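A.B. asks: This is the structure I have questions about; it appears just below.
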Amino acid sequence: MTTLSDTPKRYGLVSRALHWGMAALFAVQFLSAAAHWALPRENALREALWSYHATLGTTLLILVILRGIWGLINISRRPSHSGTMGQAAKVGHIALYLLMAVVPSLKLLAYAGGTRGFTYLGIEILSARITEISWMQALGGWHGELGWVLAFLVVGHIAMACIWHRIILRDDTLKRMVG
Ligand code: HEM
Ligand code: HEM
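So for the sequence shown, my numbering puts the first residue at 233; every next one is plus one.
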């Protein structure tokens, strides 16, 4: 039976809901970034997808903070990772967490030091400044590049889970998060 909390054998319901819910939202977020990068400005699909990039990105930041807190609460009973490959998986997961937090934070930092302000779900969370703070803008300039690094890591993560563990090793790693 699946429990709410994690156990050494499998991730619990809360971790799974956060993992799969966020995976779906990240897919949409990367789609909007890809359309922004690849399609011309006047393209209707690009504009439709882009219209929620900032709101969805901020929602993902809130979710990753909640997921991180839940992960820390469960840290002593989560599935463990042994051996060299296990340690590599751990490092990979930490890198995913870091980028999931840093990528949206950098853009919000740029808005915090910018002249336009930022509104989330109709609530002004960052007010417009009269002058820009240049170091905040400079750090915010890394948002897109690091966003693509995150996308690249996610592709590697999915390949490790679905090809390396499921097809080559045929072990139970995927079952920890599914079924
Ligand atoms: C985890 C969440 C996020 C991811 C994965 C992400 C990803 C990306 C990527 C990959 C790009 C580059 C698109 C291109 O090359 O044309 C981009 C651009 C952009 N993002 Fe995000 N983003 C996230 C959150 C946010 C948030 C929270 C905001 C605003 C508060 C935001 C605002 C922008 C803007 C204005 C651009 C265009 C300018 C630029 O490249 O810096 N994003 N995002
Ligand atoms: C088809 C898509 C995906 C599959 C099949 C998948 C599969 C898995 C599996 C099997 C695990 C458990 C691995 C273990 O315990 O060693 C896991 C954990 C994890 N996955 Fe994914 N994943 C997917 C998408 C994503 C995405 C899009 C992200 C982040 C952007 C992500 C981030 C993580 C993280 C951080 C963990 C560590 C456990 C946690 O704290 O939640 N995954 N994934």
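Ideal Cβ positions, reconstructed from N, Cα and C, are used throughout, including at glycine.
The structure presented is a predicted model; accordingly, all values stated were derived computationally and were not measured.
In the DSSP assignment, what are the bridge partners of F350?
C.D. replies: For F350, which the question treats as bridged, DSSP gives the partners L358.
A.B. asks: For the segment 275-304, list the alpha helix (DSSP H) runs that are entirely contained and at least 4 residues long, ordered along the chain.
C.D. replies: Runs of the alpha helix (DSSP H) inside the segment 275-304: 276-282.
A.B. asks: To the nearest angstrom, how far is the alpha carbon of I390 from that of A255?
C.D. replies: In a straight line, the C-alpha of I390 is about 10 angstroms away from that of A255.
A.B. asks: For W374, which of helix, strand or coil comes out of DSSP?
C.D. replies: Coil.
A.B. asks: Within its chain, find whatever has a CB closer than 7 angstroms to the CB of L331; leave out the 5 residues flanking it on each side and keep chain order.
C.D. replies: L378, V381, L382 and L385, listed in sequence order.
A.B. asks: Could you give the distance in angstroms between the alpha-carbon of G346 and the alpha-carbon of V323?
C.D. replies: Straight-line Cα distance between these residues: approximately 34 angstroms.
A.B. asks: What three-state label does DSSP hand L250 in the structure shown?
C.D. replies: Three-state DSSP puts L250 in a helix.
A.B. asks: Can you tell me the Cα-Cα spacing of G400 and L406, whole angstroms?
C.D. replies: The residue you asked about is not Gly; residue 400 is Ile in the sequence shown. Rounded to the nearest angstrom, the two C-alpha atoms are 12 angstroms apart.
A.B. asks: At the level of alpha carbons, what is the spacing between G300 and Y329?
C.D. replies: Each residue's Cα considered, the two are about 8 angstroms apart.
A.B. asks: Which residues mark the beginning and the end of the alpha helix (DSSP H) in which M392 is found?
C.D. replies: Looking at the DSSP string, M392 is not in any alpha helix (DSSP H), and its letter there is neither H nor E.
A.B. asks: Does the segment 300-311 come within contact of the segment 334-352, defined as at least 3 CB pairs closer than 8 angstroms?
C.D. replies: As far as the Cβ criterion goes, the segment 300-311 does not touch the segment 334-352, which means the pair count is below three.
A.B. asks: Just the Cα atoms here: how many angstroms apart are A393 and T287?
C.D. replies: Approximately 29 angstroms, taken between the alpha carbons.
A.B. asks: Candidates H375, R408 and R402: which alpha carbon is nearest G289's?
C.D. replies: Here the closest residue by C-alpha is H375.
A.B. asks: What is the rounded straight-line gap between the Cα of W357 and the Cα of L340?
C.D. replies: Checking the sequence shown, residue 357 turns out to be Ile, not Trp. Looking at the two C-alpha atoms, the distance is approximately 10 angstroms.
A.B. asks: Express the C-alpha separation of V260 and L281 in angstroms, rounding to a whole number.
C.D. replies: Their Cα atoms are separated by approximately 8 angstroms.
A.B. asks: Using 10 angstroms around the beta-carbon of D343, count the other beta-carbons present and answer buried if the total reaches 16, otherwise exposed.
C.D. replies: A quick correction: the sequence has Tyr, not Asp, at residue 343. Buried, by the Cβ-count rule.
A.B. asks: Decide if H397 is buried, meaning its Cβ has at least 16 other Cβ atoms within 10 Å, or exposed.
C.D. replies: Flag for H397 reads buried.
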